[in-house]
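Visitor: Here it is: the structure, laid out below.
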Amino acid sequence: MKPSPSSDSAGMVRELLRSSRQGALATLMVESGAPYCSLVNVAPDADGAPLLLVSALALHTKNIASDARVSLMLDERRAGDPLEGARIMLAGEARPTAPDDLPRIRRRYLAFHPSAADFAGFADFSFLKIFPTGVHLVAGFGRIVDLPPARFLTAVDDAESLLAAEEGIVAHLNADHRDTMNLYAVHLAGAPAADWSCVACDPDGLDLAAEGRYLRLTFPRHVTSPEVLRMLLKELAAQARAKAG
481 MKPSPSSDSA GMVRELLRSS RQGALATLMV ESGAPYCSLV NVAPDADGAP LLLVSALALH
541 TKNIASDARV SLMLDERRAG DPLEGARIML AGEARPTAPD DLPRIRRRYL AFHPSAADFA
601 GFADFSFLKI FPTGVHLVAG FGRIVDLPPA RFLTAVDDAE SLLAAEEGIV AHLNADHRDT
661 MNLYAVHLAG APAADWSCVA CDPDGLDLAA EGRYLRLTFP RHVTSPEVLR MLLKELAAQA
721 RAKAG
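Set out below in structure tokens:
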């Protein structure tokens with residue numbers, strides 16, 4: 481991402497939310513109300529909002545239990561001067577996962593942090609989702625923008641059938657269309673050839689992974705159902721094959 485006056489601010493925020501795997505989480509201390517900052521792993525929910533896996537022993541977890549207001553800073557993790565890159569400060573509330581949504585949240589988080597499977601099932605660990613109230617984007621000198629959630633979160637209220645089918649879609653793509661995942665990665669996303677697999681799906685794109693690397697295949701239009709997704713993926717596969725010659 482190279483910020484410029486014509487850059488799409490909402491797109492930059494969405495890219496950071498989708499691509500970031502770690503961030504600095506700020507909470508408020510229980511007794512004093514003083515700010516407390518900690519390093520956390522993050523994963524994107526289907527709407528792009530950050531998911532956390534926290535321990536009951538962690539100070540930030542105790543702070544959130546007392547006051548759910550948090551801030552999360554995510555940045556490009558680029559080489560050179562980090563202040564030349566884009567970064568966001570996401571404000572919101574960190575709330576526990578609803579029991580009926582826990583399997584889906586757990587699956588998405590572990591898709592991006594598979595090593596967390598060793599302790600995700602422990603009784604003192606739980607999943608939280610940050611529900612944003614706004615974001616502050618800094619994308620270089622003179623490029624500072626505040627955006628409401630509606631500008632950067634993916635709409636999912638019209639895509640219930642797609643979210644419900646996500647696990648099956650991911651399994652099907654990896655079992656029957658693994659070669660197509662590589663075509664998408666190489667010829668549509670500009671990634672090097674590898675054994676790319678699909679790890680997550682949402683109305684705005686697919687998340688692919690290979691050898692510890694992740695990339696985002698953004699759809700040209702919003703998808704609301706498995707049937708619409710199937711047609712779009714066929715179109716994208718044809719485009720990728722055409723570029724492959």
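Oh and the sequence shown: position 90 is 570 in the numbering used here, straight run, nothing missing.
For every residue, glycine included, the Cβ atom is placed at its ideal position computed from N, Cα and C.
Please read all numbers here as calculations on a predicted model, not as lab measurements.
#1: Taking the DSSP output, what are the residues bridged to residue 609?
#2: Going by DSSP, which residues form a beta bridge with residue 616?
#3: Helix, strand or coil for residue 643, going by three-state DSSP, please let me know.
#4: What span of residues does the alpha helix (DSSP H) with residue 553 cover, start to end?
#5: What is the C-beta distance between residue 636 and residue 643, in whole angstroms, given that I count them as a contact (C-beta under 8 Å)?
#6: Looking at the structure shown, is residue 561 part of a helix, part of a strand, or coil, going by DSSP?
#7: What separation, rounded to the nearest whole angstrom, lies between the Cα atoms of residue 724 and residue 667?
#8: Cβ atoms of residue 535 and residue 617: under 8 Å apart, would you say?
#9: Name the one or two DSSP bridge partners that residue 687 has.
#10: Report yes if the CB atom of residue 610 is closer than 8 Å to the CB atom of residue 582, and no otherwise.
#11: Can you tell which of 612, 501, 625, 674 has its C-alpha closest to the C-alpha of residue 593?
#12: With distances taken from CA atoms, which of 549, 718, 624 is nearest residue 575?
#13: Please determine if the stretch 500-519 and the stretch 539-555 are in contact, where contact requires at least 3 C-beta pairs separated by less than 8 Å.
#14: If I follow the unbroken alpha helix (DSSP H) through residue 491, where does it start and stop?
#15: Does the distance from the CB of residue 607 to the CB of residue 494 come in under 8 Å?
#16: In terms of alpha-carbon separation, which member of 682, 703, 568, 640 lies closest to residue 620?
#17: Just how far apart, CA to CA, sit residue 630 and residue 657?
#18: So, helix, strand or coil for residue 633, using DSSP?
#19: Can you tell me whether DSSP reads residue 503 as helix, strand or coil?
Guide: The answer reads as follows:
#1: Taking the first residue of the sequence shown as position 1, residue 609 is located at position 129. Its beta-bridge partners are 531, 575.
#2: As a working note, residue 616 is residue 136 in the sequence shown. DSSP lists 569, 626 as partners of residue 616.
#3: Counting from one through the sequence shown, the residue named residue 643 turns up at place 163. Correct three-state label for residue 643: helix.
#4: What you label residue 553 is simply residue 73 of the sequence shown in a count that begins at 1. No alpha helix (DSSP H) contains residue 553, which is instead part of the beta strand (DSSP E) from 549-555.
#5: Position 156 of the sequence shown, counted from the start, is the residue given in the question as residue 636. Position 163 of the sequence shown, counted from the start, is the residue given in the question as residue 643. The Cβ separation is near 6 Å, so the contact holds.
#6: By one-based count along the sequence shown, residue 561 stands at place 81. The answer is coil: DSSP assigns residue 561 none of H, G, I, E or B.
#7: Start at 1 with the first residue of the sequence shown, and residue 724 comes out as number 244. Start at 1 with the first residue of the sequence shown, and residue 667 comes out as number 187. Roughly 7 Å separates the two Cα atoms.
#8: Against the sequence shown, residue 617 aligns to sequence position 137. Against the sequence shown, residue 535 aligns to sequence position 55. No; because the gap between Cβ atoms is not below 8 Å, this pair is not in contact.
#9: Here residue 687 corresponds to residue number 207 of the sequence shown, with the count starting at 1. Answer is 680, 696, bridged to residue 687.
#10: Start at 1 with the first residue of the sequence shown, and residue 610 comes out as number 130. Start at 1 with the first residue of the sequence shown, and residue 582 comes out as number 102. No, Cβ-Cβ distance for residue 610 and residue 582 is not below 8 Å.
#11: Here the question's residue 593 lines up with position 113 in the sequence shown. Nearest option by C-alpha distance: 501.
#12: Translated into positions along the sequence shown, residue 575 becomes position 95. Taking only the C-alpha atoms, the option nearest residue 575 is 549.
#13: yes
#14: Counting from 1 along the sequence shown, the entry for residue 491 is found at position 11. Run containing residue 491: 489-499, per the alpha helix (DSSP H) assignment.
#15: Locating residue 607 in the sequence shown gives position 127, counting from the first residue. Locating residue 494 in the sequence shown gives position 14, counting from the first residue. Result no, Cβ atoms of residue 607 and residue 494 do not sit closer than 8 Å.
#16: Here residue 620 is taken as the residue at index 140 of the sequence shown, counted from 1. Residue 568 is the option with its Cα nearest to residue 620.
#17: Numbered from 1 along the sequence shown, position 150 holds the residue referred to as residue 630. Numbered from 1 along the sequence shown, position 177 holds the residue referred to as residue 657. If you take the alpha carbons of residue 630 and residue 657, they lie about 34 Å apart.
#18: Here residue 633 corresponds to residue number 153 of the sequence shown, with the count starting at 1. If DSSP states are grouped into helix, strand and coil, residue 633 belongs with coil.
#19: As a position in the sequence shown, residue 503 is number 23, starting the count at 1. Residue 503: strand per DSSP, three-state reduction.
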